[in-house]
Each structure stands twice: as C-alpha cells, then as structure tokens.
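*Asks:* Take a look at this one; I'll ask things after.
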Amino acid sequence: MIVKPKGTVDIKDNDALIMEYVNSVINNMMYSYNYEFIRTPVFESSELFHRSVGESSDIVRKETYDFLDKGDRKVTLRPEGTAGVVRSYIENKEYALPDVKKYFYNETMYRYERPQSGRLREFTQFGVEVLGSNDPIVDAEVISLQYRILESLHIGDLQVNINTLGDNESRINYRNALVKYLEPHIDELCDDCKERFKINPLRIIDCKVDAESDVIKNIPSVLDYLNEESKKRFETVCHYLDLLEVDYEINSKIVRGLDYYDHTVFEIVSLQNNDSKASVLGAGGRYNKLLKELDGPDENNGGFGIGWACGMDRIISFLKTMDIYQNIKREIDVYVMYVSEEEKLNALSIVQNLRLNGVTTECDNMNKGLKGQFKVADRLGAKYLVILNNEDLAKGLVNVKDNATKEEEKVDISELVEYLIGNL
Ligand code: ATP
Ligand code: MG
Numbered sequence: 217m218i219v220k221p222k223g224t225v226d227i228k229d230n231d232a233l234i235m236e237y238v239n240s241v242i243n244n245m246m247y248s249y250n251y252e253f254i255r256t257p258v259f260e261s262s263e264l265f266h267r268s269v270g271e272s273s274d275i276v277r278k279e280t281y282d283f284l285d286k287g288d289r290k291v292t293l294r295p296e297g298t299a300g301v302v303r304s305y306i307e308n309k310e311y312a313l314p315d316v317k318k319y320f321y322n323e324t325m326y327r328y329e330r331p332q333s334g335r336l337r338e339f340t341q342f343g344v345e346v347l348g349s350n351d352p353i354v355d356a357e358v359i360s361l362q363y364r365i366l367e368s369l370h371i372g373d374l375q376v377n378i379n380t381l382g383d384n385e386s387r388i389n390y391r392n393a394l395v396k397y398l399e400p401h402i403d404e405l406c407d408d409c410k411e412r413f414k415i416n417p418l419r420i421i422d423c424k425v426d427a428e429s430d431v432i433k434n435i436p437s438v439l440d441y442l443n444e445e446s447k448k449r450f451e452t453v454c455h456y457l458d459l460l461e462v463d464y465e466i467n468s469k470i471v472r473g474l475d476y477y478d479h480t481v482f483e484i485v486s487l488q489n490n491d492s493k494a495s496v497l498g499a500g501g502r503y504n505k506l507l508k509e510l511d512g513p514d515e516n517n518g519g520f521g522i523g524w525a526c527g528m529d530r531i532i533s534f535l536k537t538m539d540i541y542q543n544i545k546r547e548i549d550v551y552v553m554y555v556s557e558e559e560k561l562n563a564l565s566i567v568q569n570l571r572l573n574g575v576t577t578e579c580d581n582m583n584k585g586l587k588g589q590f591k592v593a594d595r596l597g598a599k600y601l602v603i604l605n606n607e608d609l610a611k612g613l614v615n616v617k618d619n620a621t622k623e624e625e626k627v628d629i630s631e632l633v634e635y636l637i638g639n640l
C-alpha cells in the first residue's frame with residue numbers, strides 16, 4: 217500500500233470544511249481591504265531564496281527542498297511566499313507604477329522539517345505583501361488585517377507581539393551592542409547560535425533552544441538603540457494600531473525569520489492556546505532592504521515592502537479544538553428521487569436545472585431503491601425531497617416533500633425552481 221510522504225497531510229472531511237470556511241473569510245476580508253490575489257510558481261531558482269530568506273535563516277540552512285531539474289538548473293520548492301511575490305514585482309517593474317501594490321496569496325509551502333505537531337513538510341500559508349509604500353499606515357493596516365481575519369474566525373484572546381528593528385543606522389548600532397554582549401557568552405549557547413553569531417547575531421534572540429537561558433533573558437533590547445527617526449516611526453505605528461483597536465504588546469525579543477527585516481516586526485498569538493510552539497498563528501514584518509537585494513529599487517527609489525504569513529494548518533488544528541467547528545457540516549438543499557429509467561431521464565434535467573439556478577442538489581448515483589435514497593437524503597441533510605413518478609410526470613408534476621415537516625405538495629415542473637428557491 218502506498219502511503220503519503222512523511223510530513224504531509226490529506227485535508228479532507230471536517231478539516232476540508234474548516235479550510236473552505238477559512239478560505240471564504242480570507243477572500244472576503246482581502247476583498248474589503250482591496251488586496252489582489254497572486255499565484256507564483258511552486259518552484260523558483262534556488263538563488264532567489266538564498267538571497268531573500270537569507271543564508272542565516274533556518275529555512276535556507278537546513279529546510280529547503282532543492283534539486284537539479286533535467287536541464288541542470290538548481291531549483292527550490294518555495295518555502296515561503298514573500299520571495300516569489302517580490303521577485304514578480306521586480307521582474308515586472310511594478311515599482312515604476314504610481315500606486316502601491318497590495319497582494320495576497322494562499323498556497324502550499326515546502327520545508328524539510330522534523331514533522332511534529334504544528335510542523336509539516338508541506339503546509340499551506342496565506343499571506344499578504346504590500347509593495348511600494350513606507351508609510352506607517354501600511355504597517356498598521358497589514359497588522360490589523362491579519363488580526364481581523366483571525367478574529368473573524370472566532371479565535372479568542374488574540375495578541376499582537378510587536379517590535380521594531382529600526383532603520384539601518386539603528387540596526388547597526390544594535391548589532392554592535394549585541395556582538396559585544398554575546399561574545400563572552402558564546403560558549404554557553406547552542407551550536408546553531410554559534411553559527412548565527414557569525415552570520416546574523418540578531419537571530420540568536422529568537423532561538424528556541426536557548427530561550428530560557430540567562431544569556432538570552434538579559435540580552436540588550438533593540439528599543440534602547442533606536443535613533444530618533446526610527447523611534448518616532450515605531451510610535452506612529454503603535455498609535456495607528458491604538459486607533460484601529462488592535463490589542464498589541466511591545467516585545468523586544470521578536471526578530472522573526474528573514475535576514476532583511478527592518479522597522480516593524482510582529483507575530484500574532486492566541487493566548488487561548490496552551491501549546492506555545494503552535495500558538496504563533498502568523499507573523500511578518502517590513503523588509504525594505506529586500507527589494508534592492510533582489511535587484512529592485514533601493515529605499516531612495518521607492519524600494520519598500522511589508523508582509524506577513526499565517527499558517528493555515530496550524531489555524532485548522534486550532535479551530536478544530538473549538539466547539540463551533542466540531543460539527544461544521546455542509547448540507548444540501550434538495551435530493552431528487554427516482555426509480556424507473558424514464559424517471560431517471562427526467563431526474564437528469566431537473567437536477568441540472570436546479571444546480572444551474574444555485575440550488576445545491578443531489579440524486580441517486582448508485583441504483584438504490586427508494587428506501588435507500590431516503591436514507592442518503594437524510595445523511596446529506598437535504599431540506600427538500602423531489603420525488604418523481606411516471607404518473608405525475610405525465611401531467612408535468614413532481615412531489616415535493618419538506619424533509620423537516622414531512623409535508624408534501626405537488627408542484628408543476630416549470631415552477632419547481634421558483635417554488636424551492638422561495639421556500640429555502
Ligand atoms: P517557527 O518559528 O514556528 O519555525 P517560522 O519563523 O519558521 O516559524 P514563518 O516562516 O514566519 O514561521 O511562517 C509563518 C507561519 O507559518 C508560522 O507562524 C506558522 O503558523 C506557519 N508555519 C511555519 N512553518 C510551518 C510548518 N513547517 N508547518 C506548518 N505550519 C508552519
Ligand atoms: Mg521555522
């Protein structure tokens with residue numbers, strides 16, 4: 217028997233219904249906020265991720281699915297969404313457009329991780345990227361957008377953990393302070409952190425292994441190294457979030473994944489969840505420098521970007537623990553019943569007509585007798601049964617039964633759609 221690869225899941229049954237619901241909430245909200253849908257390739261040249269996600273990230277260091285294609289090109293399955301969207305924005309010179317670009321995506325990502333709860337090798341992320349504006353209003357908008365989506369899913373006790381890495385000058389100041397502080401303690405840190413110290417010491421701050429050590433607990437705070445401009449910018453973002461009534465907490469230990477993050481970084485957690493590893497539902501930040509890194513414009517020429525991503529699979533696991541999602545069901549409107557071949561021919565066109573008029577309709581596909589069909593209709597939660605028999609059909613009529621009250625009525629076939637729509 218062939219089984220699914222390690223770290224993958226089949227999304228079906230209740231999970232699929234929850235996913236469909238989540239997708240509908242996402243789509244509606246993205247539409248209200250005026251974001252446009254984008255789909256980028258599932259594989260890209262490997263170089264894209266090395267240059268964007270960065271050599272010091274866990275993703276590039278050990279999690280990418282890399283391979284040579286038959287033309288000896290080095291390609292990588294996308295491990296995250298930002299790189300592809302930014303690549304497309306630059307490739308199509310969209311930075312030359314007069315307007316900001318607001319994209320959203322919802323697609324599978326691939327990371328060679330050790331599979332465990334909340335951690336898969338193929339998983340789905342939905343996210344946004346806003347390109348071409350550095351106004352703090354955009355930072356506040358994207359954060360509140362993620363917050364409102366999670367809230368609309370009825371996830372309780374949401375909290376935004378927010379931080380800033382400041383501009384280039386602030387970041388360099390902080391990096392120097394960090395190196396000075398960490399140098400004497402480097403032997404006390406995990407092997408990954410020893411590596412990180414050489415390539416991107418900021419990364420040590422959110423190390424999961426050393427999180428509880430005194431070295432990390434007493435690490436200098438980035439907020440003490442911001443220049444005036446960066447401090448002011450951060451205050452403005454926070455002020456806008458206040459106005460948008462987003463519940464946030466300033467947490468100087470949030471630094472997040474990408475090597476090119478600057479200014480705002482954040483993650484959203486639900487305090488309702490005890491599993492701290494799986495409680496980060498989404499995260500993101502500003503990445504102005506990335507634009508230039510990928511051969512786009514620098515900050516003096518409109519090279520600005522900010523985005524976030526949410527883990528769909530984590531959200532589904534989270535929602536599954538909530539009562540309201542346990543019995544989520546898809547019910548049909550109408551079940552059309554028939555027995556003879558002639559009734560079947562009539563059923564075919566009646567079913568199609570109802571479906572094309574937006575009425576969710578099913579009929580027997582397995583040659584069951586009437587008794588069996590009644591059972592199927594009940595399992596599908598049909599609200600109405602349309603029962604065909606040759607005698608009535610000859611007069612252009614069908615029997616319509618309200619499956620809740622069990623009341624029956626004969627209805628003219630030409631008025632059936634109208635009748636059902638009026639009663640549903
Ligand atoms: P973590 O610190 O948990 O490894 P990350 O920094 O790798 O997270 P991001 O790259 O910021 O995560 O991804 C955003 C979101 O995508 C995460 O908050 C999480 O919900 C989800 N996610 C990340 N990796 C996985 C995975 N392997 N399986 C399922 N969901 C994931
Ligand atoms: Mg990770």
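Position one of the sequence shown corresponds to residue 217 (the working numbering), numbered consecutively onward. Even glycine gets a Cβ: it sits at the ideal position worked out from N, Cα and C.
Got a sec: does the ligand ATP put a non-hydrogen atom nearer than 7 Å to the Cβ of Val302?
*Replies:* The sequence position of residue 302 within the sequence shown is 86, counting from 1. Because no heavy atom of the ligand ATP lies under 7 Å away, the Cβ of Val302 does not count as near it: no.
*Asks:* Sort Tyr305, Ile548 and Met217 by Cα distance to Asp511 and report the nearest one.
*Replies:* As a working note, residue 511 is residue 295 in the sequence shown. Per the Cα distances, Tyr305.
*Asks:* Val646 lies in the alpha helix (DSSP H); which residues open and close that run?
*Replies:* Residue coverage of the chain in this structure runs from 217 to 640, which leaves residue 646 outside it and unanswerable.
*Asks:* Hey, out of Gly343, Glu547 and Cys423, whose CA is closest to Asp274's CA?
*Replies:* The sequence position of residue 274 within the sequence shown is 58, counting from 1. Considering only alpha carbons, the answer is Cys423.
*Asks:* Any heavy atom of the ligand ATP closer than 7 Å to the beta-carbon of Thr488?
*Replies:* The sequence position of residue 488 within the sequence shown is 272, counting from 1. Note that residue 488 corresponds to Gln in the displayed sequence, not to Thr. Not so, every heavy atom of the ligand ATP lies at least 7 Å from the Cβ.
*Asks:* Please report the residue range of the beta strand (DSSP E) in which Arg502 lies.
*Replies:* Start at 1 with the first residue of the sequence shown, and residue 502 comes out as number 286. Unbroken beta strand (DSSP E) run through Arg502: Val496 to Arg502.
*Asks:* Quick check: is any heavy atom of the ligand MG less than 7 Å from the C-beta of Asp403?
*Replies:* Counting from one through the sequence shown, the residue named residue 403 turns up at place 187. Asp403: no, Cβ never under 7 Å from the ligand MG.
*Asks:* Shortest alpha-carbon distance to Gly300 belongs to which of Tyr251, His266, Gly287 and Cys579?
*Replies:* Residue numbering aside, residue 300 sits at position 84 when the sequence shown is read from its first letter. Among Tyr251, His266, Gly287 and Cys579, the Cα nearest to that of Gly300 belongs to His266.
*Asks:* Going by C-alpha to C-alpha distance, which of Lys622, Lys222 and Lys318 sits closest to Arg335?
*Replies:* On the sequence shown, residue 335 is found 119 positions in, with the first residue counted as 1. If we check each option's Cα against that of Arg335, Lys222 comes out closest.
*Asks:* At a threshold of 7 Å, does Asp478 count as lining the ligand ADP (C-beta to nearest heavy atom)?
*Replies:* The ligand ADP is absent from the structure shown, which contains only the ligand ATP and the ligand MG.
*Asks:* Using the C-alpha atoms, what's the distance from Leu233 back to Lys545?
*Replies:* As a position in the sequence shown, residue 545 is number 329, starting the count at 1. As a position in the sequence shown, residue 233 is number 17, starting the count at 1. Going from the Cα of Lys545 to the Cα of Leu233 covers about 7 Å.
*Asks:* Considering only the beta carbon of each residue, do Arg387 and Asp478 sit closer than 8 Å?
*Replies:* Residue mapping note: residue 387 aligns to position 171 of the sequence shown, counting from 1. Residue mapping note: residue 478 aligns to position 262 of the sequence shown, counting from 1. Cβ distance < 8 Å, so Arg387 and Asp478 count as in contact.
*Asks:* Tell me where the alpha helix (DSSP H) around Leu632 begins and ends.
*Replies:* As a working note, residue 632 is residue 416 in the sequence shown. That run of the alpha helix (DSSP H) goes Leu632 to Asn639.
*Asks:* Taking the beta strand (DSSP E) that Phe342 falls in, what are its first and last residues?
*Replies:* Looking up residue 342 in the sequence shown gives position 126. Segment Glu338 to Leu347, the beta strand (DSSP E) holding Phe342.
*Asks:* I need the boundaries of the alpha helix (DSSP H) containing Gly548, first residue and last residue.
*Replies:* Residue mapping note: residue 548 aligns to position 332 of the sequence shown, counting from 1. Just to set this straight, residue 548 is Ile in the shown sequence, not Gly. Premise fails: Ile548 is in no alpha helix (DSSP H) and is neither H nor E.
*Asks:* Would DSSP call Gln362 helix, strand or coil?
*Replies:* On the sequence shown, residue 362 is found 146 positions in, with the first residue counted as 1. Gln362: helix per DSSP, three-state reduction.
*Asks:* Count the other CB atoms within 10 Å of the CB of Phe482; is the residue buried (16 or more) or exposed (fewer)?
*Replies:* In the sequence shown, counting from the first residue as 1, residue 482 sits at position 266. The residue is buried, with at least 16 neighbouring Cβ atoms inside 10 Å.
*Asks:* Please report the distance separating the alpha-carbon of Leu507 from that of Asp539.
*Replies:* Counting from one through the sequence shown, the residue named residue 507 turns up at place 291. Counting from one through the sequence shown, the residue named residue 539 turns up at place 323. Their Cα atoms are separated by approximately 44 Å.
*Asks:* Would you say the beta carbon of Cys526 comes nearer than 7 Å to a heavy atom of the ligand ATP?
*Replies:* One-based indexing of the sequence shown puts residue 526 at position 310. Yes - the ligand ATP has a heavy atom lying nearer than 7 Å to the Cβ of Cys526.
*Asks:* Tell me whether Leu336 counts as near the ligand ATP, meaning its Cβ is closer than 7 Å to at least one heavy atom of that ligand.
*Replies:* The count along the sequence shown starts at 1 and reaches residue 336 at position 120. True, at least one ligand heavy atom lies under 7 Å from that Cβ.
*Asks:* Check the C-beta distance from Ile415 over to Ser272 and give it rounded, since I have them as a contact under 8 Å.
*Replies:* Counting from 1 along the sequence shown, the entry for residue 415 is found at position 199. Counting from 1 along the sequence shown, the entry for residue 272 is found at position 56. Taking C-beta atoms under 8 Å as the contact rule, Ile415 and Ser272 qualify, at a distance of about 4 Å.
*Asks:* If you measure from the beta carbon of Lys587 to each beta carbon in chain C, is any gap under 8 Å?
*Replies:* In summary, chain C is missing from the structure at hand, where a single protein chain is found.
*Asks:* Report the residue ranges of all alpha helix (DSSP H) runs contained in full by the stretch 518 to 588; include only those spanning at least 4 residues, in chain order.
*Replies:* 528 to 536, 539 to 542 and 557 to 572
*Asks:* Go to Glu263, then tell me how far its alpha helix (DSSP H) extends in each direction, as first and last residue.
*Replies:* For the purposes of this step, residue 263 is taken as residue 47 along the sequence shown, with counting starting at 1. It spans Ser262 to Ser268 - the alpha helix (DSSP H) in which Glu263 sits, taken as one unbroken run.
*Asks:* Measure the Cβ-Cβ separation of Pro436 and Ala499 and say whether it is below 8 Å.
*Replies:* The residue given as residue 436 occupies position 220 in the sequence shown. The residue given as residue 499 occupies position 283 in the sequence shown. No, Cβ-Cβ distance for Pro436 and Ala499 is not below 8 Å.
*Asks:* Do you know whose CA, among Leu460, Tyr321 and Pro352, lies nearest Glu345's CA?
*Replies:* By 1-based counting over the sequence shown, the position of residue 345 is 129. Nearest of Leu460, Tyr321 and Pro352 to Glu345, Cα basis: Tyr321.
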